[in-house]
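**Student:** Sending over a structure as structure tokens; questions will come in a sec.
Protein chains: 2
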Amino acid sequence: MNKNRRPGGKENSMKDSIKALRELEKRLYAYQYAMAVADYDSETVAPPESSAGRAEAMEVLSRAYFDQLVSADTAALLQRAAADAETEQEKAEVRELQRSYDEIGKIPAEEYAAFTKLTQESMPAWGKAKRGNDFASFAPYLEKIVESLRAQAHYFAPDRDPYEVWLDRYEHGLTIAQCDTFFAALRETIVPLLAAIKERGSAIRTDFLYQNWPIEQQRKLSKKIMEVWGLDPDHCVLGETEHPFTSGFWHGDVRITTHYMPQDMFSNLYSVAHEGGHALYELNVDPKYDYTTLAGGATTGLHESQSRLFENYVGRSRAFIHYLYPTLLELFPQQLNGVTEEEIYRAVNRAEPSLIRTEADELTYSLHIMVRYELEKALMQGTLTVADLPAAWNAKYKEYLGVDVPDDTHGCLQDIHWAMGDMGYFPSYALGSAYSAQAVDDLRKTMDLDAQWAEGNMQPLKDALRSRVWQHGRAKEPQWLVQSLCGGAFDAAHYTNYLKNKYTELYGL
Amino acid sequence: MNKNRRPGGKENSMKDSIKALRELEKRLYAYQYAMAVADYDSETVAPPESSAGRAEAMEVLSRAYFDQLVSADTAALLQRAAADAETEQEKAEVRELQRSYDEIGKIPAEEYAAFTKLTQESMPAWGKAKRGNDFASFAPYLEKIVESLRAQAHYFAPDRDPYEVWLDRYEHGLTIAQCDTFFAALRETIVPLLAAIKERGSAIRTDFLYQNWPIEQQRKLSKKIMEVWGLDPDHCVLGETEHPFTSGFWHGDVRITTHYMPQDMFSNLYSVAHEGGHALYELNVDPKYDYTTLAGGATTGLHESQSRLFENYVGRSRAFIHYLYPTLLELFPQQLNGVTEEEIYRAVNRAEPSLIRTEADELTYSLHIMVRYELEKALMQGTLTVADLPAAWNAKYKEYLGVDVPDDTHGCLQDIHWAMGDMGYFPSYALGSAYSAQAVDDLRKTMDLDAQWAEGNMQPLKDALRSRVWQHGRAKEPQWLVQSLCGGAFDAAHYTNYLKNKYTELYGL
Chain A
14 MNKNRRPGGK ENSMKDSIKA LRELEKRLYA YQYAMAVADY DSETVAPPES
64 SAGRAEAMEV LSRAYFDQLV SADTAALLQR AAADAETEQE KAEVRELQRS
114 YDEIGKIPAE EYAAFTKLTQ ESMPAWGKAK RGNDFASFAP YLEKIVESLR
164 AQAHYFAPDR DPYEVWLDRY EHGLTIAQCD TFFAALRETI VPLLAAIKER
214 GSAIRTDFLY QNWPIEQQRK LSKKIMEVWG LDPDHCVLGE TEHPFTSGFW
264 HGDVRITTHY MPQDMFSNLY SVAHEGGHAL YELNVDPKYD YTTLAGGATT
314 GLHESQSRLF ENYVGRSRAF IHYLYPTLLE LFPQQLNGVT EEEIYRAVNR
364 AEPSLIRTEA DELTYSLHIM VRYELEKALM QGTLTVADLP AAWNAKYKEY
414 LGVDVPDDTH GCLQDIHWAM GDMGYFPSYA LGSAYSAQAV DDLRKTMDLD
464 AQWAEGNMQP LKDALRSRVW QHGRAKEPQW LVQSLCGGAF DAAHYTNYLK
514 NKYTELYGL
Chain B
14 MNKNRRPGGK ENSMKDSIKA LRELEKRLYA YQYAMAVADY DSETVAPPES
64 SAGRAEAMEV LSRAYFDQLV SADTAALLQR AAADAETEQE KAEVRELQRS
114 YDEIGKIPAE EYAAFTKLTQ ESMPAWGKAK RGNDFASFAP YLEKIVESLR
164 AQAHYFAPDR DPYEVWLDRY EHGLTIAQCD TFFAALRETI VPLLAAIKER
214 GSAIRTDFLY QNWPIEQQRK LSKKIMEVWG LDPDHCVLGE TEHPFTSGFW
264 HGDVRITTHY MPQDMFSNLY SVAHEGGHAL YELNVDPKYD YTTLAGGATT
314 GLHESQSRLF ENYVGRSRAF IHYLYPTLLE LFPQQLNGVT EEEIYRAVNR
364 AEPSLIRTEA DELTYSLHIM VRYELEKALM QGTLTVADLP AAWNAKYKEY
414 LGVDVPDDTH GCLQDIHWAM GDMGYFPSYA LGSAYSAQAV DDLRKTMDLD
464 AQWAEGNMQP LKDALRSRVW QHGRAKEPQW LVQSLCGGAF DAAHYTNYLK
514 NKYTELYGL
């Protein structure tokens, strides 16, 4: 009998470390679940002045999460599990948990909990400031957030640019240099296109866009989009918030939200289309990753690639608008009386410099992102103060988009991201668009997407995306997933070509 | 210099134990907050098939709560703090935390967490079973709940009747003998009254009750009730659920829910009135008890006394219906065309044996409670099996209320309480009514409540209740609070006299 192979020997102890790892992962899941549901509640149905008690609870919970993750026990467990991991899943769990450990392990526990509490307080403060056009009341929160994010970056990598630390956090491997190059390419494409459109673009009918669109009918349209996307109502519900978002608690419970505008039906339509793309990703992660660090979408860029794919590449395509047209006519017979599907297609794709990112068209959208990229970089690098933010914001909107910002509500207070403590997230919106442009180009090689979308048939597309990306959760490295999605090495030219072709045709340039 | 009085001596170490106690209390608060918000979410907006991931998270969180509360460290801390406590608040905190410790300290941690997970699963199972009239699908959950509650009672007091352990848990000091006496008195009052009404009661107009009451108008009525009760919308919101309830996260965040019935306007009216009474209690606990064990209402009986006071003593009074009448006419001009306020008063107070507890009138309500009291006592004492519950339920409804139960949806599946793991709670509904009858009698000695209610002025009543009960949270012992509320030793005769006088007058007996 070979002692090395006896039961109860090394093989069994290997299993023990993985088992302990899974138990830790489930504990971490539970705290994340609790914080996610409290966040969702706070954004959707909580009474306006309820944040103090939530912040107290969140501080304790985030501290408990921190204590579970960052400890000598966890460090030792990760070492044992790294040696013991056999399957691809086990190895990926160790890798992702080690990454989480490294990301927050150097932050003092008190600072980590205080930051959670700070963002709990800053989100409602932002909501109030936005409603009241009162940047000054939000500024002290933003100052503390910038200060804390700089400190956290410094703990993690004292010698690295603090903004790049956060870029890398959201999109592993992304550098400031890459971002600069990427945005320069976009700028070189978009700015001449916009100029050409302004100069000689054929007119687009917009008279029907701003009228009275009953909310009850808009709700029916949301339901229709969720049905076509195939968002199972047993596992995915739609709420209403100031700023639409998606929150995945686990693969069987994903929430999306929208914002109804009585004067603008298309805003909700494309919010649901966008958040629905996020939700499809979360809902379709392989259940075998439930309650582990491998559950959920991999990076923010990959997440945005899915949401923008469904919002823009599907939702704003001629094929899909052809499919949706009868529903739109049925829901809004008076409002769309005499409006053709081609006119709807042109209207929802028109390029028009504007004030609000979430309402922006596909072409100018990246300019909105560029403003935020440059400003958050400057805030994090210390070359811009919070007090100077509104003026800097307004100047960049004038420079890149040619619009005058009338107030901070429609300016630097419009997005919740910074109030949530997210800086370095915005570039992922533009990257996501670029990933999905390439993915759609690649899928078209073997699939007649337009024919499918014209019939409201999302199944072949969803099957491909599930296979390439969704099912994997975080089990694969982000670079692997981007290549898998794109069908090859990432190349931003697919996106710039897409914009050039689309807008040249649309405006007869 | 007297060494006994030097700083850093005994006085400082006393403060340390209290400080540590407060930190523990805040941690416990955070876990309770997380579980409460997840529960509320699950009852209000969560997708139907989302319970699996919630149950996993809840199991971890309740286990963490248990581990925080029940440990050698906590036991030692409680001992130190008991010796060190100086102020009334400190002493009360020690007392209440010790009570919590004693209540769950003897339950094995795994069983405690498993019970939380079980109730997470049984609540949606109950909802499904109720919707589908499928008791068999819910029975296995209820069997496990009964088994676990019996086991928990046994751990706590092995020699005591397990049902009495739970009665005492909800209403400290309550015994089965007291309950038997109390319900016997109610029975002696109610049964002859009901017989007299049936025999010679004057007729009550009910033709206007069941018609089409638009939900949108019902929503406006909910808002009106919340305004008159003075429920600050900054701290209290109304949701919609199958079964109305109140959930207080902390004194600044209290949620109430209702259920709209298109054919029955008064159901929602009195649900909001009832839950609003619970909410007023939670909202008015002194903020100095925030995040301690003294926050929130004291016992379920005291809580029900407040909800039933606002539902019945205020909401079903002639004075308040006089006040509300113009609003009702404005919201429902067609439905109430030709209906007088006296006819509304008589209709909402009519006594009529029925199937559904939450829809029951004030007189027969206690008979519904008596059915549940007797059945849950039998389940807990092992003299009734879960399999036999539907038949036993139907037999008692026939015996006490004279009605035939058509199906379990309208029978033993109607209430969520048992699915939540609450057995021993129901008697508090009847006790609460009796407490508030006595409180109202006492307040009338010095206040003209009818004159105030006829003007929609709840302030003097609220001031009195805040002073007598609400502000104290759990800082006072329940017996003290009951006496304070009632203005003297509790005497059920106030309640039986109230019922006799009210129904004798109403039906001209």
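Chains A and B are the protein sequences, given in the same order.
Per the working numbering, the very first residue in the first sequence carries number 14; after that it's consecutive.
Per the working numbering, the very first residue in the second sequence carries number 14; after that it's consecutive.
All C-beta atoms, glycine included, are put in the ideal place defined by N, C-alpha and C.
This structure is a prediction, so every number in the text was calculated from the model and none was measured.
According to a CB-to-CB cut-off of less than 7 Å, which residues of the segment 255-286 of chain B neighbour chain A?
**Tutor:** F262, W263, G265, D266
**Student:** With W8(A) and A308(A) assumed to form a contact (beta carbons below 8 Å), what rounded beta-carbon distance in angstroms separates them?
**Tutor:** A question about residue 8(A) goes unanswered here, because the residues of chain A that appear run from 14 up to 522.
**Student:** How many angstroms separate the CA atom of W466(B) from the CA atom of M436(A)?
**Tutor:** Position 453 of the second sequence, counted from the first residue, corresponds to residue 466(B). Position 423 of the first sequence, counted from the first residue, corresponds to residue 436(A). So the two alpha carbons sit approximately 54 Å from each other.
**Student:** Starting from the C-beta of T312(A), find all residues in its chain whose C-beta is less than 6 Å away, skip the five residues before and the five after it, and write them out in chain order.
**Tutor:** Within the first sequence, the letter at position 299 stands for residue 312(A). Cβ neighbours of T312(A) beyond the five flanking positions: E184, P491.
**Student:** Are the Cβ atoms of S284(B) and T271(B) separated by less than 8 Å?
**Tutor:** On the second sequence, position 271 is the one that residue 284(B) refers to. On the second sequence, position 258 is the one that residue 271(B) refers to. It is a contact, given that the beta carbons lie within the stated cut-off.
**Student:** Rank N281(A), Y294(A), E518(A), L282(A) by C-alpha distance to the C-alpha of D245(A) and give the top, closest one.
**Tutor:** On the first sequence, position 232 is the one that residue 245(A) refers to. Checking every option, the nearest Cα to that of D245(A) belongs to Y294(A).
**Student:** Counting beta carbon pairs with one atom in the segment 335-344 of chain A and one in the segment 138-158 of chain A, are three or more of them shorter than 8 Å?
**Tutor:** no
**Student:** Less than 8 Å separating the beta-carbons of V120(B) and L82(B)?
**Tutor:** Walking along the second sequence from the start, residue 120(B) turns up at place 107. Walking along the second sequence from the start, residue 82(B) turns up at place 69. The question names Val, but residue 120(B) in the sequence shown is Ile. No, the Cβ-Cβ distance between I120(B) and L82(B) is not below 8 Å.
**Student:** Tell me which residues share the same chain as L414(A) and place their Cβ nearer than 6 Å to its Cβ, disregarding the 5 neighbours each side in the sequence.
**Tutor:** Within the first sequence, the letter at position 401 stands for residue 414(A). Taken in chain order, the residues that qualify are P366, L380.
**Student:** Please confirm whether R479(B) has its beta-carbon closer than 8 Å to some beta-carbon of chain A.
**Tutor:** The residue you call residue 479(B) lines up with position 466 of the second sequence. Not one chain A Cβ lies under 8 Å of R479(B).
**Student:** At a cut-off of 7 Å, is A505(A) close to the ligand MN when judged by its beta-carbon and the heavy atoms of the ligand?
**Tutor:** Of the ligands one can find in the structure shown there are none, so the ligand MN has no counterpart to examine.
**Student:** Where F439(B) and I238(B) are concerned, what is the direct C-alpha to C-alpha distance, given to the nearest angstrom?
**Tutor:** For this step, residue 439(B) is matched to residue 426 along the second sequence. For this step, residue 238(B) is matched to residue 225 along the second sequence. Taking the straight line from one Cα to the other gives about 26 Å.
**Student:** Cα separation between T259(A) and R268(A)?
**Tutor:** As a first step, residue 259(A) is located in the first sequence; it is residue number 246 there, counting from the start. As a first step, residue 268(A) is located in the first sequence; it is residue number 255 there, counting from the start. Cα to Cα, the separation comes out at about 6 Å.
**Student:** Which value, in whole angstroms, describes the spacing of the CA atoms of S113(A) and Q191(A)?
**Tutor:** On the first sequence, residue 113(A) is found 100 positions in, with the first residue counted as 1. On the first sequence, residue 191(A) is found 178 positions in, with the first residue counted as 1. About 24 Å.
**Student:** Once the 5 residues before and after N225(A) are set aside, which same chain residues still bring their CB inside 8 Å of it?
**Tutor:** As a first step, residue 225(A) is located in the first sequence; it is residue number 212 there, counting from the start. Same-chain partners within the cutoff: P275, Q276, Q348.
**Student:** Distance cutoff 8 Å, beta carbons only. Does L74(B) sit that close to anything in chain A?
**Tutor:** Translated into the one-based positions of the second sequence, residue 74(B) becomes position 61. For L74(B), the answer is yes, since a Cβ of chain A falls inside 8 Å of its Cβ.
**Student:** Measuring only the C-alpha atoms, how far is R200(A) from R218(A)?
**Tutor:** Position 187 of the first sequence, counted from the first residue, corresponds to residue 200(A). Position 205 of the first sequence, counted from the first residue, corresponds to residue 218(A). Approximately 27 Å, taken between the alpha carbons.
**Student:** Pull out every residue of the segment 233-253 of chain A whose Cβ sits closer than 9 Å to any Cβ of chain B, in chain order.
**Tutor:** D245, P246, D247, H248, C249, V250, G252
**Student:** Please name the residue, chosen from I382(A), E38(A), K130(A), that lies closest to A443(A) on a Cα-to-Cα basis.
**Tutor:** Counting from one through the first sequence, the residue named residue 443(A) turns up at place 430. Looking at the Cα atoms, I382(A) is the closest of the given residues.
**Student:** Measuring straight from C-alpha to C-alpha, what distance separates L388(A) and A197(A)?
**Tutor:** Against the first sequence, residue 388(A) aligns to sequence position 375. Against the first sequence, residue 197(A) aligns to sequence position 184. Those two C-alpha atoms are separated by around 16 Å.
**Student:** Kindly indicate the opening and closing residues of the beta strand (DSSP E) around F262(A).
**Tutor:** Working through the first sequence from its first residue, we reach residue 262(A) at position 249. That run of the beta strand (DSSP E) goes 259-263.
**Student:** From L512(A) to Y358(A), what does the alpha carbon distance come to, in whole angstroms?
**Tutor:** On the first sequence, residue 512(A) is found 499 positions in, with the first residue counted as 1. On the first sequence, residue 358(A) is found 345 positions in, with the first residue counted as 1. Those two C-alpha atoms are separated by around 15 Å.
**Student:** Mind checking if P60(A) is an interface residue toward chain B, Cβ cutoff 8 Å exclusive?
**Tutor:** Here residue 60(A) is taken as the residue at index 47 of the first sequence, counted from 1. Closer than 8 Å to some Cβ of chain B, the Cβ of P60(A) qualifies, so yes.
**Student:** Would you mind sorting G486(A) into buried or exposed? The rule is 16 or more other CB atoms within 10 Å of its CB.
**Tutor:** Here residue 486(A) refers to the residue found at position 473 of the first sequence. It counts as buried.
**Student:** Give a yes or no on whether the minimum CB-CB distance between P491(A) and chain B is below 8 Å.
**Tutor:** The residue you call residue 491(A) lines up with position 478 of the first sequence. Not closer than 8 Å to any Cβ of chain B, the Cβ of P491(A) fails to qualify, so no.
**Student:** If R481(A) sits next to L498(A), beta carbons under 8 Å apart, how far is it from one beta carbon to the other, in whole angstroms?
**Tutor:** Residue numbering aside, residue 481(A) sits at position 468 when the first sequence is read from its first letter. Residue numbering aside, residue 498(A) sits at position 485 when the first sequence is read from its first letter. About 5 Å separates the CB atoms of R481(A) and L498(A); that is less than 8 Å, so the two are in contact.
**Student:** If the criterion is Cβ atoms closer than 8 Å, does the pair F79(A) and A152(A) meet it?
**Tutor:** Here residue 79(A) refers to the residue found at position 66 of the first sequence. Here residue 152(A) refers to the residue found at position 139 of the first sequence. At a Cβ-Cβ threshold of 8 Å, F79(A) and A152(A) do not count as neighbours.
**Student:** Does the CB of E69(B) have a neighbour CB from chain A at under 8 Å?
**Tutor:** As a working mapping, residue 69(B) is identified with position 56 in the second sequence. So yes, E69(B) belongs to the interface.
**Student:** What's the call for T377(B), buried or exposed, on a 16-neighbour Cβ count within 10 Å?
**Tutor:** As a position in the second sequence, residue 377(B) is number 364, starting the count at 1. T377(B) comes out buried.
**Student:** Report yes or no: do the segment 50-62 of chain B and the segment 313-321 of chain B share at least 3 C-beta pairs separated by less than 8 Å?
**Tutor:** no
**Student:** For a contact meaning CB atoms closer than 8 Å, what does T57(B) contact in chain A?
**Tutor:** Within the second sequence, the letter at position 44 stands for residue 57(B). Here the neighbours are V58.
**Student:** Could you pull out every residue in the same chain whose Cβ sits closer than 6 Å to the Cβ of G261(B), ignoring the five residues on either side in sequence?
**Tutor:** Taking the second sequence and counting its residues from 1, one reaches residue 261(B) at position 248. These residues qualify, in order along the chain: V267, E295, G309.
**Student:** Any residues in the segment 291-313 of chain A with a beta carbon nearer than 9 Å to a beta carbon of chain B? Which ones, in chain order?
**Tutor:** D303, Y304
**Student:** Flag this pair as yes or no: are the beta carbons of Y46(A) and L74(A) separated by less than 8 Å?
**Tutor:** By one-based count along the first sequence, residue 46(A) stands at place 33. By one-based count along the first sequence, residue 74(A) stands at place 61. Cβ distance not < 8 Å, so Y46(A) and L74(A) don't count as in contact.
**Student:** Does S63(B) come within less than 8 Å of chain A when only Cβ atoms are used?
**Tutor:** The residue given as residue 63(B) occupies position 50 in the second sequence. It does; some Cβ of chain A falls within 8 Å.
**Student:** Comparing alpha-carbon positions, which option in G186(B), N325(B), V50(B), W139(B) lies nearest I429(B)?
**Tutor:** Position 416 of the second sequence, counting from 1, holds the residue named residue 429(B). For the residues G186(B), N325(B), V50(B), W139(B), the minimum Cα distance to I429(B) belongs to W139(B).
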